[in-house]
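*Asks:* Submitted below is the structure of interest, expressed as structure tokens.
Residue numbers (the working numbering): 45 to 226.
Here it is in structure tokens:
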């Protein structure tokens with residue numbers, strides 16, 4: 045039987061990144077004077093998949109500063125895959141793992157009710173596949189969409205892809221946001 049790679053998460057991320065870019069750029073042509081107020085927030089999110097006895101989960105966290113439409117983010121991401129071995133789960137020794145730290149620069153469209161952003165930058169990646177471990181530099185591309193019903197709390201999704209010479213990977217996380225949002 046021939047096994048093919050599953051590109052579904054990557055394709056979804058590319059589609060949603062494009063959609064977020066179109067939303068944020070659609071307001072760029074309007075003659076609206078945006079206030080130059082600065083907004084700051086922390087966000088944390090998770091993605092988790094159970095497949096048979098395999099456990100896969102990720103943690104996505106960051107701190108963002110928005111001034112006008114310019115967004116600067118310091119982001120940390122971790123992905124862990126345990127291949128059904130209860131001992132490796134108990135000792136927290138994943139079969140496959142990625143840990144990355146990113147510094148991102150991007151464009152953000154903010155209204156009273158939502159924040160849509162797309163950013164890219166430079167990321168440092170530590171990775172592991174079985175016994176093979178690596179360190180590399182990657183190009184993360186992140187799209188985020190948050191609904192901000194209050195001035196302090198928001199909820200949304202974070203989509204990203206990391207392009208690097210060792211392993212290209214992507215993920216979708218459900219996130220909570222806290223900070224100065226209005």
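For every residue, glycine included, the Cβ atom is placed at its ideal position computed from N, Cα and C.
None of these values were measured; they are calculated from a predicted model.
Let's test the definition: count the other Cβ atoms within 10 Å of the Cβ of residue 48 and tell me whether it reaches 16, buried, or not, exposed.
*Replies:* Low per-residue confidence applies at residue 48: pLDDT is 42, beneath 50, and the placement is therefore not dependable enough to give any value.
*Asks:* Taking residue 174 and residue 144 to be in contact with their CB atoms under 8 Å, please state how far apart those CB atoms are, rounded to whole angstroms.
*Replies:* Between residue 144 and residue 174 the Cβ distance is about 19 Å, and since that is not below 8 Å, they are no contact.
*Asks:* Where does residue 148 fall in DSSP's three states?
*Replies:* Three-state DSSP puts residue 148 in a strand.
*Asks:* DSSP three-state call for residue 112: helix, strand or coil?
*Replies:* Residue 112 falls in the coil class under three-state DSSP.
*Asks:* How many whole angstroms separate the CB atoms of residue 231 and residue 189, which I take to be in contact at a CB cut-off of 8 Å?
*Replies:* Since the first and last residues shown for the chain are 45 and 226, residue 231 lies out of range.
*Asks:* What residue from 146, 177, 158 and 157 has the CA that sits closest to residue 168's CA?
*Replies:* When only C-alpha atoms are compared, the closest one is 146.
*Asks:* Got a sec, what are the start and stop residues for the beta strand (DSSP E) residue 172 sits in?
*Replies:* 158-173 is the span of the beta strand (DSSP E), which, as asked, contains residue 172.
*Asks:* Within this structure, are the beta carbons of residue 205 and residue 217 separated by less than 9 Å?
*Replies:* Contact: no.
*Asks:* Starting from residue 201 and walking both ways along the beta strand (DSSP E), at which residues does that stretch end?
*Replies:* Residue 201 -> beta strand (DSSP E) spans 197-207.
*Asks:* So that I know if they touch, is there some Cβ in chain D lying closer than 9 Å to that of residue 143?
*Replies:* Annotation note: the requested chain D is absent from the structure, which comprises a single protein chain.
*Asks:* Can you tell me whether DSSP reads residue 184 as helix, strand or coil?
*Replies:* DSSP places residue 184 in strand when its eight states are reduced to three.
*Asks:* Between 202, 100 and 210, which lies nearest to residue 86 when the distance is taken from Cα to Cα?
*Replies:* Among 202, 100 and 210, the Cα nearest to that of residue 86 is on 202.
*Asks:* On the DSSP letters alone, give me the boundaries of the beta strand (DSSP E) that residue 213 sits inside.
*Replies:* Start and end: 213-224.
*Asks:* Let me confirm a value: residue 212 is counted as buried when at least 16 other C-beta atoms fall within 10 Å, else exposed. Which label applies?
*Replies:* Residue 212 should be labelled exposed.
*Asks:* Would you kindly work out how many angstroms separate the C-alpha atoms of residue 196 and residue 125, rounded to a whole number?
*Replies:* About 33 Å.
*Asks:* Taking the CB atoms as reference points, tell me whether residue 180 and residue 208 lie closer together than 9 Å.
*Replies:* Against a cut-off of 9 Å, the Cβ pair of residue 208 and residue 180 comes out as a contact.
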